[in-house]
């Protein structure tokens, strides 16, 4: 169910600007993680501008709001841009990303009191536990809103993820929709080479999750899947969406490689990227 | 020397259990999580009477810390329970990122701290936990001395907004502090006023210090004893005031000499008023199986060890 009546064309227009922000932010900081951020842009824009009920007047405990957690904190640029473009904080603040005295730390944190961030992430594998805890707090508070959580595929190599995977079905945490950014890439190479994830769907299903699969860069498929996941809320099981994405989506030379996991474009590469991304909302 | 008596010996973990149960009744935001040690942590009364606010996590401590951090978003006050070893070293990064750096109102409650859990041996006898926890910015570290004080501390930390590490143990120790005490985080408790030496003790070594004080009084030595139940924030003012009078200090704790109360005190004194100090603590080694009494003796944590350290430090002062 959408919270906001917004067309896919409008979402695509916002996503184009968010992608411009991402490449400009990592270029400006001479570092960062553009690949995963670009790959997940369509999910962030869809959740924040269409599906989630949330308030840009930030309240940490968020009664009556849907919550989003990011476990793979290194893709912070996409989150910062999405939050700023929604109105959580001024877009001009995006220029401070990864710089001294900034609220936009390399990895997201509530420590600097940035509106929209409720939990630090960066050290991988911790976000799912946190999201499940927040989901259980919502239940205790008789708050029927939903928790959304995004993880990377590489971070599934962390053991804590599987502790959380075992816990949520046992405790019937059914107000939570989790996403895996399944781009098949991590720092040292493809996940197949570094540490094979094998059959992710079977893994999560055998832990007791309802598992859906989708394409995170195809709005029609992504939205159909999110809406299907929402229909499963309250069905005594947590929902896992394995979301195939293209690392670097939207910038041709960043796609299909792990090379842009943690590298910033130079001036020439930036110009080449921006030429592919329409400026729709005005650069910061 | 002020006279202290007790009617029974009790385990401090039961003080925690009693405090948690009372919080269940008085504060509906208090929730409890346990990693398959409900009986050992004395959390069973809370579990029985408040089942909707009790979360069995299984043997998965990293997940427990993350869950607790998440539950604070929504206004809950989570108390996690497992052994001190699994409450700290095993989950250090989870506490660091999801609790301390994120500024979450989680109470990490740790039983079976130190050597005196006994026969299980060194795998379970953490002697580094105070050091690990006090190094985290914003973390409060509390190590109460007996059943009554542990119960009072459990109640007090629910009213404090922010991350807390509460450390207690398995053996029964004299329960000598008042049952109606008000626990003030960060305020040292004057056990005995004296003039020749200051003993700064934490945990059940406060009782050993009282025994030491009685022996020393017979030798004509006047001992000032402070119960340092809060190691962070340290009560700098009370410690400096005492040392301005006695000019020498012995610290006593069931912890590694590295990273414990002794180091915190040494750091304070080095910056303010360099003072002869002796440290009664475990000397950078692992423990082993044995009864609590045997271990206390073998690793030098008894009243006699405190007496010897006092004699040594007084000699250094002169």
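Residue numbers (our numbering), protein chains in the order written: chain R, 792 to 1075; chain F, 22 to 339.
For glycine and all other residues, C-beta sits at the position ideal for the given N, C-alpha and C.
Problem set entry | Assumed close pair residue 989 of chain R, residue 1023 of chain R - CB separation to whole angstroms, cut-off 8 angstroms | Against the first chain, residue 989 of chain R aligns to sequence position 198. Against the first chain, residue 1023 of chain R aligns to sequence position 232. Not a contact, Cβ separation roughly 25 angstroms.
Problem set entry | Residues that residue 929 of chain R contacts on chain F, provided the C-beta gap is smaller than 7 angstroms | In the first chain, the residue the question calls residue 929 of chain R occupies position 138. Residues of chain F passing the Cβ test: 95.
Exercise. Is residue 762 of chain R helix, strand or coil by DSSP?
Worked result: No answer is possible for residue 762 of chain R: the residues shown for chain R start at 792 and end at 1075.
Problem set entry | For residue 1006 of chain R: DSSP bridge partner residues | Reading the first chain from its first residue, position 215 is the one you call residue 1006 of chain R. For residue 1006 of chain R, which the question treats as bridged, DSSP gives the partners R/1035.
For this session: Given a cut-off of 8 angstroms, decide if residue 40 of chain F and residue 175 of chain F are closer than it, judged by their beta-carbon atoms.
Result: Within the second chain, numbered from 1, the residue matching residue 175 of chain F stands at position 154. Within the second chain, numbered from 1, the residue matching residue 40 of chain F stands at position 19. Contact: yes.
Exercise. Around the Cβ of residue 150 of chain F, are there at least 16 other Cβ atoms within 10 angstroms (buried) or fewer (exposed)?
Worked result: As a position in the second chain, residue 150 of chain F is number 129, starting the count at 1. Buried, by the Cβ-count rule.
For this session: Flag this pair as touching only if the region 886 to 903 of chain R and the region 919 to 933 of chain R have three or more C-beta atom pairs under 8 angstroms; answer yes or no.
Result: no
For this session: Please check the pair residue 251 of chain F and residue 178 of chain F, which I expect to be a contact at CB under 8 angstroms, by giving their CB distance rounded to whole angstroms.
Result: Walking along the second chain from the start, residue 251 of chain F turns up at place 230. Walking along the second chain from the start, residue 178 of chain F turns up at place 157. Between residue 178 of chain F and residue 251 of chain F the Cβ distance is about 10 angstroms, and since that is not below 8 angstroms, they are no contact.
Problem set entry | Pairwise C-alpha distance: residue 112 of chain F and residue 258 of chain F | The residue given as residue 258 of chain F occupies position 237 in the second chain. The residue given as residue 112 of chain F occupies position 91 in the second chain. Between residue 258 of chain F and residue 112 of chain F, the C-alpha separation is close to 33 angstroms.
Exercise. Using the beta-carbon count (16 or more within 10 Å), is residue 337 of chain F buried or exposed?
Worked result: For this step, residue 337 of chain F is matched to residue 316 along the second chain. Per the 10 Å Cβ criterion, exposed.
Exercise. What are the residues of the region 111 to 126 of chain F that lie near chain R, defined by any Cβ-Cβ distance shorter than 7 angstroms?
Worked result: 114, 115, 118, 119, 122, 123 and 124
Problem set entry | Near-chain F residues of the region 882 to 902 of chain R (beta-carbon distance less than 7 angstroms), N- to C-terminal order | 900, 901 and 902
For this session: Report yes if the C-beta distance between residue 158 of chain F and residue 128 of chain F is below 8 angstroms; otherwise report no.
Result: Translated into positions along the second chain, residue 158 of chain F becomes position 137. Translated into positions along the second chain, residue 128 of chain F becomes position 107. Contact flag unset, no.
Exercise. Starting from residue 958 of chain R and walking both ways along the alpha helix (DSSP H), at which residues does that stretch end?
Worked result: For the purposes of this step, residue 958 of chain R is taken as residue 167 along the first chain, with counting starting at 1. Segment 950 to 961, the alpha helix (DSSP H) holding residue 958 of chain R.
Exercise. Name the chain R residues whose beta carbon is nearer than 7 angstroms to that of residue 89 of chain F?
Worked result: Residue 89 of chain F sits at position 68 when you count from the first residue of the second chain. 924, listed in chain order.
For this session: In angstroms with no decimal places, state the Cα-to-Cα distance between residue 292 of chain F and residue 220 of chain F.
Result: The residue given as residue 292 of chain F occupies position 271 in the second chain. The residue given as residue 220 of chain F occupies position 199 in the second chain. So the two alpha carbons sit approximately 19 angstroms from each other.
Exercise. Could you give the C-beta distance for residue 863 of chain R and residue 827 of chain R, rounded to a whole number, given that I count them as a contact under 8 angstroms?
Worked result: To locate residue 863 of chain R, count along the first chain from 1; it is residue 72. To locate residue 827 of chain R, count along the first chain from 1; it is residue 36. Contact holds; Cβ gap of about 7 angstroms.
Exercise. If you draw a straight line from the C-alpha of residue 282 of chain F to the C-alpha of residue 272 of chain F, how long is it?
Worked result: As a working mapping, residue 282 of chain F is identified with position 261 in the second chain. As a working mapping, residue 272 of chain F is identified with position 251 in the second chain. Their Cα atoms are separated by approximately 7 angstroms.
Problem set entry | Within chain F, partners of residue 958 of chain R - CB distance below 8 angstroms | Taking the first residue of the first chain as 1, we reach residue 958 of chain R at position 167. Near residue 958 of chain R (Cβ distances below 8 angstroms), the residues of chain F are 78, 79, 81, 84 and 88.
Exercise. Is any beta-carbon of chain F found at less than 8 angstroms from that of residue 999 of chain R?
Worked result: By 1-based counting over the first chain, the position of residue 999 of chain R is 208. False, the Cβ-Cβ gap to chain F never drops below 8 angstroms.
Exercise. How big is the Cα-Cα spacing for residue 228 of chain F and residue 31 of chain F?
Worked result: Here the question's residue 228 of chain F lines up with position 207 in the second chain. Here the question's residue 31 of chain F lines up with position 10 in the second chain. Rounded to the nearest angstrom, the two C-alpha atoms are 13 angstroms apart.
For this session: Return helix, strand or coil for residue 304 of chain F, following the three-state DSSP convention.
Result: For the purposes of this step, residue 304 of chain F is taken as the residue at position 283 of the second chain. The answer is coil: DSSP assigns residue 304 of chain F none of H, G, I, E or B.
Problem set entry | Residues sharing a beta bridge with residue 210 of chain F, DSSP | Position 189 of the second chain, counted from the first residue, corresponds to residue 210 of chain F. Beta-bridge pairing links residue 210 of chain F to F/248.
Problem set entry | Distance CB(residue 101 of chain F)-CB(residue 86 of chain F) smaller than 8 angstroms | For the purposes of this step, residue 101 of chain F is taken as residue 80 along the second chain, with counting starting at 1. For the purposes of this step, residue 86 of chain F is taken as residue 65 along the second chain, with counting starting at 1. Yes, the Cβ-Cβ distance between residue 101 of chain F and residue 86 of chain F is below 8 angstroms.
Exercise. Any C-beta of chain F sitting closer than 8 angstroms to the C-beta of residue 800 of chain R?
Worked result: Counting from 1 along the first chain, the entry for residue 800 of chain R is found at position 9. Residue 800 of chain R does not count as touching chain F.
Exercise. Of all the options R/1021, R/1027, R/976 and R/1055, which has the alpha carbon lying nearest to the alpha carbon of residue 939 of chain R?
Worked result: Here residue 939 of chain R corresponds to residue number 148 of the first chain, with the count starting at 1. Nearest C-alpha to residue 939 of chain R: R/1021.
Exercise. Where residue 182 of chain F and residue 126 of chain F are concerned, what is the direct C-alpha to C-alpha distance, given to the nearest angstrom?
Worked result: By 1-based counting over the second chain, the position of residue 182 of chain F is 161. By 1-based counting over the second chain, the position of residue 126 of chain F is 105. Cα to Cα, residue 182 of chain F sits roughly 6 angstroms from residue 126 of chain F.
Problem set entry | Same chain, Cβ closer than 6 angstroms to residue 878 of chain R, neighbours up to 5 away in sequence not counted | Looking up residue 878 of chain R in the first chain gives position 87. Only 847 meet the Cβ criterion.
Exercise. Just how far apart, CA to CA, sit residue 1041 of chain R and residue 806 of chain R?
Worked result: Numbered from its first residue, the first chain carries residue 1041 of chain R at position 250. Numbered from its first residue, the first chain carries residue 806 of chain R at position 15. Near 10 angstroms, if we compare the C-alpha coordinates of residue 806 of chain R and residue 1041 of chain R.
Exercise. Beta-carbon of residue 92 of chain F versus every beta-carbon of chain R: anything under 8 angstroms?
Worked result: Numbered from 1 along the second chain, position 71 holds the residue referred to as residue 92 of chain F. With 8 angstroms as the cut-off, residue 92 of chain F counts as an interface residue toward chain R.
Problem set entry | Nearest-angstrom Cα separation, counted from residue 116 of chain F out to residue 973 of chain R | For the purposes of this step, residue 973 of chain R is taken as the residue at position 182 of the first chain. For the purposes of this step, residue 116 of chain F is taken as the residue at position 95 of the second chain. Answer to the nearest angstrom: the Cα atoms are 28 angstroms apart.
Problem set entry | CB contact below 8 angstroms: residue 954 of chain R versus chain F | Taking the first residue of the first chain as 1, we reach residue 954 of chain R at position 163. Cβ-Cβ to chain F under 8 angstroms: yes for residue 954 of chain R.
Problem set entry | Below-8 angstroms beta-carbon distance, residue 969 of chain R vs any chain F residue | The count along the first chain starts at 1 and reaches residue 969 of chain R at position 178. Chain F, which has no Cβ nearer than 8 angstroms to the Cβ of residue 969 of chain R, makes this no.
Problem set entry | N-terminal and C-terminal residue of the beta strand (DSSP E) that residue 942 of chain R is part of | Indexing the first chain from 1 puts residue 942 of chain R at position 151. First-last of the beta strand (DSSP E) with residue 942 of chain R: 938 to 943.
Problem set entry | Cut-off 6 angstroms between Cβ atoms - residues of its own chain near residue 300 of chain F, not counting five sequence neighbours on either side | As a working mapping, residue 300 of chain F is identified with position 279 in the second chain. Once the five neighbours on either side are set aside, the close Cβ partners of residue 300 of chain F are 272, 278 and 283.
Problem set entry | residue 263 of chain F classed as buried or exposed, judged by whether at least 16 other C-beta atoms fall within 10 angstroms | Your numbering for residue 263 of chain F matches position 242 in the second chain. Classification for residue 263 of chain F: buried.
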